Structures are given as C-alpha cells and as structure tokens.
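In the order they appear, the protein sequences are chains A and B.
Under our numbering, think of the first position of the first sequence as 1, with each following residue one higher.
Under our numbering, think of the first position of the second sequence as 1, with each following residue one higher.
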Amino acid sequence: MSLLADLHQQLAQSIERHGVPGAAVAVWCDGHLHETSAGVANAHTRVHTTPDTIFQIGSITKSFTATLALQLVEQGKLSLDAPIAAYLPQLQLAERDVPAAITIRHLLAHSSGIDGDLLTDTGRDADALARFVASLGSVRQLHPAGELLSYCNLGYNILGRVLEAVSGEVWDDLLRQRILTPLGLTRAVTSADAALRHRVAIGHVRGEGGEPQRVDSPFAPRSNGPSGMTMACTARELVIFGRAHLDGGCGPDGARILSQTSIATMRTLQTANAYSDKYRGWGLGWMLFDEAAQRMFGHDGGACGNCAFLRILPGARTIVALLVNHERGMGVYRDLFASRLATLAGIDPPVQLAMPARTPDGVELAPYAGSYRRHGQIIDLELDAQRRLAGRLHGEYVGASDVKLELAAFDAKRFVAAAAGTLVPVHFSGFDERGRPARLHVTDRVFIRHDPA
Amino acid sequence: MTTDSAARLLDDLPDALERAIAASAVPGAVLAIQHGEHRHVASAGVLNASTGVAVTPDAIFQIGSVTKVLTATLVMQLVDAGLLSLDAPVLRYLPQLQLNAAPAPASLQVRHLLNHTSGIDGDFFLDTGRNDDALEKYAAACAALPLLAAPGSYFSYCNAGYAILGRIVEVVTGNCWDDVLRDRLLHPIDATESATRAEQAVRLRAAVGHQLLPDGRTADAVDRLTLPRSLGPAGFTLAMTATGLLDFMLAHFAGGTHGEKRIVSAESAAAMQTPSVTLADDTSWGLGWKVIDSCAARLIGHDGGAAGQGAFLWGIPARKLAVALLHNGGNSALLQQHLVARALRELGEWSPIEPPPVRSTPLDLAAFAGVYENIGMRLTVRAEADRLRVVGEHLQIPAPPPDFILVPLADGRFAAHLTPGGEPIVVAFLERDTHGRPAYLSIGRLHRRVA
Numbered sequence: 001m002s003l004l005a006d007l008h009q010q011l012a013q014s015i016e017r018h019g020v021p022g023a024a025v026a027v028w029c030d031g032h033l034h035e036t037s038a039g040v041a042n043a044h045t046r047v048h049t050t051p052d053t054i055f056q057i058g059s060i061t062k063s064f065t066a067t068l069a070l071q072l073v074e075q076g077k078l079s080l081d082a083p084i085a086a087y088l089p090q091l092q093l094a095e096r097d098v099p100a101a102i103t104i105r106h107l108l109a110h111s112s113g114i115d116g117d118l119l120t121d122t123g124r125d126a127d128a129l130a131r132f133v134a135s136l137g138s139v140r141q142l143h144p145a146g147e148l149l150s151y152c153n154l155g156y157n158i159l160g161r162v163l164e165a166v167s168g169e170v171w172d173d174l175l176r177q178r179i180l181t182p183l184g185l186t187r188a189v190t191s192a193d194a195a196l197r198h199r200v201a202i203g204h205v206r207g208e209g210g211e212p213q214r215v216d217s218p219f220a221p222r223s224n225g226p227s228g229m230t231m232a233c234t235a236r237e238l239v240i241f242g243r244a245h246l247d248g249g250c251g252p253d254g255a256r257i258l259s260q261t262s263i264a265t266m267r268t269l270q271t272a273n274a275y276s277d278k279y280r281g282w283g284l285g286w287m288l289f290d291e292a293a294q295r296m297f298g299h300d301g302g303a304c305g306n307c308a309f310l311r312i313l314p315g316a317r318t319i320v321a322l323l324v325n326h327e328r329g330m331g332v333y334r335d336l337f338a339s340r341l342a343t344l345a346g347i348d349p350p351v352q353l354a355m356p357a358r359t360p361d362g363v364e365l366a367p368y369a370g371s372y373r374r375h376g377q378i379i380d381l382e383l384d385a386q387r388r389l390a391g392r393l394h395g396e397y398v399g400a401s402d403v404k405l406e407l408a409a410f411d412a413k414r415f416v417a418a419a420a421g422t423l424v425p426v427h428f429s430g431f432d433e434r435g436r437p438a439r440l441h442v443t444d445r446v447f448i449r450h451d452p453a
Numbered sequence: 001m002t003t004d005s006a007a008r009l010l011d012d013l014p015d016a017l018e019r020a021i022a023a024s025a026v027p028g029a030v031l032a033i034q035h036g037e038h039r040h041v042a043s044a045g046v047l048n049a050s051t052g053v054a055v056t057p058d059a060i061f062q063i064g065s066v067t068k069v070l071t072a073t074l075v076m077q078l079v080d081a082g083l084l085s086l087d088a089p090v091l092r093y094l095p096q097l098q099l100n101a102a103p104a105p106a107s108l109q110v111r112h113l114l115n116h117t118s119g120i121d122g123d124f125f126l127d128t129g130r131n132d133d134a135l136e137k138y139a140a141a142c143a144a145l146p147l148l149a150a151p152g153s154y155f156s157y158c159n160a161g162y163a164i165l166g167r168i169v170e171v172v173t174g175n176c177w178d179d180v181l182r183d184r185l186l187h188p189i190d191a192t193e194s195a196t197r198a199e200q201a202v203r204l205r206a207a208v209g210h211q212l213l214p215d216g217r218t219a220d221a222v223d224r225l226t227l228p229r230s231l232g233p234a235g236f237t238l239a240m241t242a243t244g245l246l247d248f249m250l251a252h253f254a255g256g257t258h259g260e261k262r263i264v265s266a267e268s269a270a271a272m273q274t275p276s277v278t279l280a281d282d283t284s285w286g287l288g289w290k291v292i293d294s295c296a297a298r299l300i301g302h303d304g305g306a307a308g309q310g311a312f313l314w315g316i317p318a319r320k321l322a323v324a325l326l327h328n329g330g331n332s333a334l335l336q337q338h339l340v341a342r343a344l345r346e347l348g349e350w351s352p353i354e355p356p357p358v359r360s361t362p363l364d365l366a367a368f369a370g371v372y373e374n375i376g377m378r379l380t381v382r383a384e385a386d387r388l389r390v391v392g393e394h395l396q397i398p399a400p401p402p403d404f405i406l407v408p409l410a411d412g413r414f415a416a417h418l419t420p421g422g423e424p425i426v427v428a429f430l431e432r433d434t435h436g437r438p439a440y441l442s443i444g445r446l447h448r449r450v451a
C-alpha cells in the first residue's frame, strides 16, 4: 500500500487509537513533498496542529550534532580518531585514563562505553554545556571504548562541548549558523524562548487515568541539548535536512552543508547492533537499517513526552518524518510506516515479538537473577514462585512507579521482556563459568551486573 | 445617562473589543471586567500574527510593570509574617548592597523601594542570564548606579528598586523570586495559568508581542520575545491571564482575601492602597499601587508593557469595579482610551483630576533651559516663545527619541504634550536655585540637570 494513500485519515485514526493528542507527518517521494497533521499541539490549550507546528525531535538532534562534527572535521578543526582529552584537557571522568582512550568516533557511534544518561540541569545560560562537562567526575565507563554498542546521550553532550571548544561558538549558535540557516530551517529552535514564536507542540505522558498529560519541563535541560533535549522543528524541516543527506550534502537551494565524502562517512557502519533485529548498527549519527545504508537509515527521538522518527531511503529516494507529541508515539509509527517502509526499502519487515511458551532445553534461568545497573536505572531480576525470570526496572530516571518485568528466553543470550504492556528484546552477554551474565542489553543500553559483595 | 451607556458597553463587550483592537492596530487582546458581583470577559484577535492562533479568555500575556504590584504584595506578606520591616534599612536584608560605588545609605528603607522614593537611578536593564542567580547578580551590579536624590525625598519611578525588592524576597525566603511568586501568590489566587519562564509559557496559550511600525500598522512578532530575568520582579518576565489579574485585584479589594484564603493582611492591603507619596501631577503612589484620588473616587491600578505586550489593571475599590486589559502590540494608549478609560467612566463614574489652567501671563522660560538626565534618558530643554521644547535621547534602549512641548500652567507646573492628540500630563521642575534654575525635571522619573 502506498505511503500516501489516505495519509491524513490514517494519521487521524492512529492518534485516536493510541490516545495521542497530535502528530505531523512529512513525506518526500517522487520528487514532491506531502505533509499533513492531525489532532492538537497541546491537550490543555486545544490549539490544533498544522504542518507548521514544531515538535521536539529528541535524539534526531544527534544527527544534526554529528553533521556539525563532520563539518569541523572537514575544516581540519577536529579529528575523528583523536581522543576527547585532546580537545577537553580538563575533562575528568571517574576513571582517570578514560578521556584519553575515547575518541570522537566512539562518541558519534555509541561505543564509548560511558554510562550514557545524565540529566543534570546546569542552567539555561550559554555556559550550560561547559558546566555540565565540568561536572562529570563520578561518571563511570561501563565497558572499554569500541568493544560494545551502548547508546550514549552523555557522549553526544560531551561532543557538543568539544564542538564549542574547537569553534569558539555555543552549540545552539553553531547549529543555527552551519545547518539551520543554510538549509532555510527558519522554524527550528533550541529553546523554549525561541519556541514561543511558533505553533509549538508540547509533549505528553500517560496520566493516571490514561489521559494525556502535558510534561512539566519541556525544552530542558539545556545541558542535554546536543543529545536531544532542546531542539524542535517541523516535520517538513526534518525532511529538508534528510534531503541534504540524501543529495550528497546539499540543501534545496544548493547550499552545501557537508562534502560527499563526509556524507558517506556518516553512513558507514561503525558499531554493529548485536542486541535486536530493529536495525543493523550505527554509522556516525545515523541508525543503519542495512549495513551499506543504501536501503534505509535514519534516527528515532524521544524527549519530554514526544516521539520522533526520521527515515531516509536512498534507493527509493523517499524520506519520512513523523512527529508525535506523546511518549507512546511508537504505535503511530507502526500503524503508518514500519511495514510499508520495510517493503519500500526492501529490508526485512519488523519482527513481531512474542513471548516463547516455554524455556528452551538447556537454558537454566537461575544464573540470570541479579541486579543490573546503570546511572539512574536499575533492573532487578529474580526467579518468581513459578520459576519464571521476573523483576522490576526502577531508579531515578524511571518515573514515579517501578516498571514490572517478565522475561522469557529464546536461547541463552536472547530474551524478550514484557514491560508496561509492550515486548522488548533483551540480550545478555559476558557469561562466567557458572553461566552468569556480566551484562544485560536492552533498548540499546548496557546494564552491568552488580552482585552483592 | 450613566446607566444607559454602562449597559451598552457590557452588552456589547465582545464587539467593543473587536472594534477597539481594529482601531488601535492591536493583534489580540483580552478584556475582563468585574462590576459588582458580575464578571464580563471578552477576547479578540490572535496570539501571534504569523501562527494565527486565536486569543481565548485563558490566554496569557506579559503584564510588564503590573508585576510590581505582585512583588509588592509578596513583600507585604513577609512584613505580615514578621520577616521584614518596611522601615528597616535595606542593608539589614542585603548587607552587601552597594549603590553609587559605596555601601547603600542606611537611610534607604524597604518602603522607599515600594513607593519609588529611593532616589536610585533605576532604568538599569542589565541582563544577568537566565539562571536562578539572575537577581543576585543584578543586585550586585547595582553598585554602579548613581543616586539621583536622597532616599525618601522625591518620587522617581524605579525599576532597579523592584529588582532589589525581588532579591530581598529571595534572601528572606531562601527561594528564587519566581518560585516564591508562584507558591505564595499565583497559586493561592488560583492564577495557575501564568508563567515567568518560557518553559512554562510554551505549555499555555501564550501571546507574543508585535512590532508597531512607524506608519501605525502592526508587523510581525518582536525580535526579543522574552526579557532578562534580572528585572523579573519589576515586570520583565511574568505572563498572566486577564481574569487572573482581576482576581489579584479583587483580593486587594477584599481586605487581602481570596475566597477563604488570606493572601495578605487587611492592614497591608489597606496600606498598599493609601497614598504615601504625591507626584508632580497630584496623583500618588501607595505601596505598589498607583493611587489617584479625584473628586469622583479613589482609583488604584498599574500599567505595564514588556516585549511588545502590555497590560492595564485599574479599579475603584469603593464601587467594586475592576478592569483588566491585556494586549500584544499596537497602539496601547488608544486601546486604553477605547476600553479602560471608557469602562471607568461609564461603569465607575470616574473622572480624572482636573489639571490647573494654562498660565495666562508671560513667564521667563530661559532659566528652565538645560540638559536633564538619568541613566535611561537625556532630555534637552530649550525655551521657545511661550513654551519649552524637549528633545530626548534614550540611553539604554533603542527607541525613537521623544520630542514634545511643555506648556506653562498657572501654578508654575507644566503640561507635557507627550503624544500628539493625547491627554497632556502635568510635570514639574524642582529645587530652583536663586537664579531660578531647577535642579530636576520630574516626568515620572527624576531627570537631574547636568548642564
């Protein structure tokens, strides 16, 4: 079925089905832009969405930050394989030698091993990133750089500070001068102050009765701007950015933001994804759905109660941007695009996960019980009365109530977890002689097992 | 007759508002009127000319200097709680405070900041960032400010004084002004649709200010939609609804109560509405409120403007009449005439103070000529045949230079014709020496003669 057939009606029905306040879509195909929107930008004010509505794009911001990094590489101000210590000599992490062992490339490709989520608010002034990076003295590395995939927001914020240090410009200004203005993205913003000028969508979370509830703190903290907490734009503007990457680095008016070589570098597989079937791995700032990134690449975003999706299909010369102002926007992406884009791109359709009926022969669940941790999030697993592997996700970044988990095994490494009504792939690695895993991998993140002393 | 015209305004409020914004090139506005037990609210136009989102009664607009009355109310709450004394030296609460490159004078009292008699040269618009230490940094930077006159001697409208009051609120409560304002005032009066930070404003139906072009038309949104937090307590950051403002004023009418809740003591509410200093035009200031006693009644209120938006909040306590008007650009003086002045006249039987008659005998004007200034404005006064011509220059903000005439009045004061066709305001030269040369020109603020 065509991407465009009944697009508006399907979008309207999908947001209704998922209890989502509003969404906007832009599709570029056959050389034309098609855009539509549905619902409201804000469940409280009931202001309608239009194709001009800006939404927070969350981590899709990382593709912009990565583009800035490659621009500075082209100018000779930055080297992908130089250690971050070369640019931020004052940087201190918990382990002294780590800043000299992590390269810019590791940060861009989510393989630095830095414990990747830290939402410290260092204020709204232009020194927010500098102050943030000066506050990382207790941040640990979860695995040696380059060895594993572990999605790392913190790395992109450090990278944002590196870009500031080598350019002498604040990240927000760099972004505006070097990408937004050349591409004519006049509605894109990186602060609530600037967002006030536009029809702005506010993110929502599920309230206690299931109703959408506006988030309290949109566009914050600024310390996490380069990884995705402050940027907003229209779906159309994401498509324009995507076109620059599709068309060899040039924007609609021919303005070049990146060389062909850098465009190709960003799409070269750097870190393979061994932990889910969702995508093959990371380039520099791009999620690759086939190893050559010829069929489909893109990025997802989730910040402050919004979900965002950008997909670029080089072979099909198609780009899709979907922006949703609810934390559960994934359902809308599935309804409208997940299967269709796979078909159009010629990649495997998304896997329908199911809980296996029984534990496979030879898999003993007891060794998996334990406490798996990263900053702000803890997964405690134990065998329940029915000898099933179950437990909870909790911690500072999890929300008011714990998330109950129930795990089932496909084999010794691959599991699936039922959590809050959805199924997510879980992976274990680093087994000891007693079969106990050292690490749990879920949603691209690494959790390290902590056994009581 | 009064009853007839009153009925017309209220029966026709939405239409009157539509016509008034059209006549004043105002993009959008909300008008809320409390008349006895009845409340009337109308909204018209758009929040933002480029998005076209409609203004609704729950829209928030920046209220500018009306914020000063809210800051004053916070101060009075702390006085009620025994945490602050109006007659105490400001130095008791801010021991580090410097003015004029020296420790602040011990004679400077909290009261002087509330009624604009501190003498601080106060149009000081330093941006100290968007963090919670913005007021602390601003108060420290006030060390550079001159004193125009000894504390307590003259009225001179003072923005810096209100920022310093905000800092006092922070020091006494241990919290930042924005949070104290929300917790101790906005939420207790149920004005939850309000914001002092853009992160809050984007969650609401927030208006943006618009540029007024020289030809009288209104253009797109202003370049700077938000102003520095350093002057938040003086009016740079707070946005509210018209009904929120009305509820705030009604709490002051009701002896400091909002429903069952006490907002401020009856004594403090009364003190805020009682004249404590008289201005050159015979109007006066209470503590926070401007107070105008005419033969008709006592009127209290405040005007505000910030980032291309503005507010008028005026009321006659004795008649339980309160009017709140919010707008996002255009000719605000004209809008005020169409709506606020009309509501006060028709519903409140209000009439302004009669200015003195124009002087009929010749006066030697040469002694008044000279250059008068404060840190925000330089006024050059030249004598013409039977009047003075004043040409101004803004020293802090980019704005068109004022150019107006002063017409001598019978009692020695002057009528300043600030806007062509507008009502003149009464101004005065103060402290004339033996040659008749004045030390000050008082037009809202003191301007000290420098040449």
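We treat Cβ as the ideally placed atom computed from N, Cα and C, and that holds for glycine.
All figures in this text were calculated on a predicted structure; none of them were measured in a lab.
What did DSSP end up calling B/D433 once you bin it into helix, strand or coil? coil
So if I threshold CB-CB distances at 8 Å, which residues from the region 36-48 of chain B count as touching chain A? N48
Just list the beta strand (DSSP E) runs in the region 311-395 of chain A, keeping only unbroken ones of 3 residues or longer that don't cross its boundaries, in chain order. 318-324, 370-374, 377-383, 389-394
So, is the C-beta of A/S37 closer than 8 Å to a C-beta in chain B? no
Would you please verify whether the beta carbon of A/T45 is less than 8 Å from any beta carbon of chain B? yes
Does any C-beta atom of chain B lie closer than 8 Å to the C-beta of A/L323? no
Counting contacts by CB-CB distance shorter than 8 Å, is A/L180 in contact with chain E? In summary, chain E is missing from the structure at hand, where the protein chains are A and B.
Across which residues does DSSP place B/E373 in a beta bridge pair? B/R378, B/R448
Taking the beta strand (DSSP E) that B/Y440 belongs to, which residues open and close that run? 438-443
Expressed to the nearest angstrom, what Euclidean distance is found between the alpha-carbon atoms of B/N175 and B/E193? 21 Å
Proximity test, Cβ basis, 8 Å: B/E199 and chain A: yes
Please classify B/M240 as buried or exposed, where buried requires at least 16 neighbouring CB atoms within 10 angstroms. buried
How would you call B/P362, buried or exposed, if buried means at least 16 neighbouring beta carbons within 10 angstroms? exposed
If we call anything under 8 Å between Cβ atoms a contact, is B/L388 one with B/L148? no
Are the region 426-439 of chain A and the region 406-417 of chain A in contact at 8 Å, needing three or more beta carbon pairs? yes
Apart from the five residues on each side of it in sequence, which residues of its chain come closer than 8 Å, Cβ to Cβ, to A/T268? G283, L284, A293
Which residue's Cα is closest to the Cα of A/V363: A/P437, A/V332, A/G376? A/P437
Residues in the same chain with beta-carbon distance under 7 Å from A/V403, minus the five sequence neighbours each way, listed in chain order, please. R392, L393, A419, A420
Where the region 184-216 of chain A meets chain B: residues whose CB sits under 9 Å from a CB there: S191, A192, D193, A194, A195, L196, R197, H198, R199, V200, I202, R214, V215, D216
Give the range of the beta strand (DSSP E) segment to which B/T218 is assigned. 218-221
Which residue comes first and which comes last in the beta strand (DSSP E) that contains A/G302? 297-303
According to DSSP, is A/K278 part of a helix, a strand, or is it coil? coil
Using 8 Å as the limit for Cβ to Cβ distance, is B/G129 near chain A? yes
Excluding the five sequence neighbours on either side, which residues of its own chain have a C-beta within less than 8 Å of the C-beta of B/V180, listed in chain order? L74, V169, E170, T173
Helix, strand or coil for B/I353? Go by DSSP, reduced to three states. coil
Name the residue from B/A191, B/A141, B/E136 whose alpha carbon lies nearest to the alpha carbon of B/G166. B/E136
Does DSSP put A/L3 in a helix, in a strand, or in coil? coil
Exposed or buried, B/S351, counting other C-beta atoms within 10 Å across all chains shown (16 or more means buried)? exposed
Please confirm whether B/S65 and B/H302 have their CB atoms less than 8 Å apart. yes
Under 7 Å Cβ to Cβ from B/P438, same chain only, skipping five residues before and after it: list those, please. F368, F429, L430, E431, R432, R449
Give the single residue among A/P350, A/V139, A/T190 whose Cα lies nearest to the Cα of A/Y279. A/P350
How about A/L313 and A/M330: do their beta carbons lie closer than 8 Å? no
Using a Cβ cut-off of 8 Å (strictly closer), state whether A/R124 contacts chain B. yes
Would you list the one or two residues that DSSP bridges to A/I54? A/V200
Taking contact to mean at least 3 C-beta pairs separated by less than 8 Å, is the region 109-118 of chain B in contact with the region 364-381 of chain B? no
A/V332 vs A/L322 beta-carbon contact at 8 Å: yes
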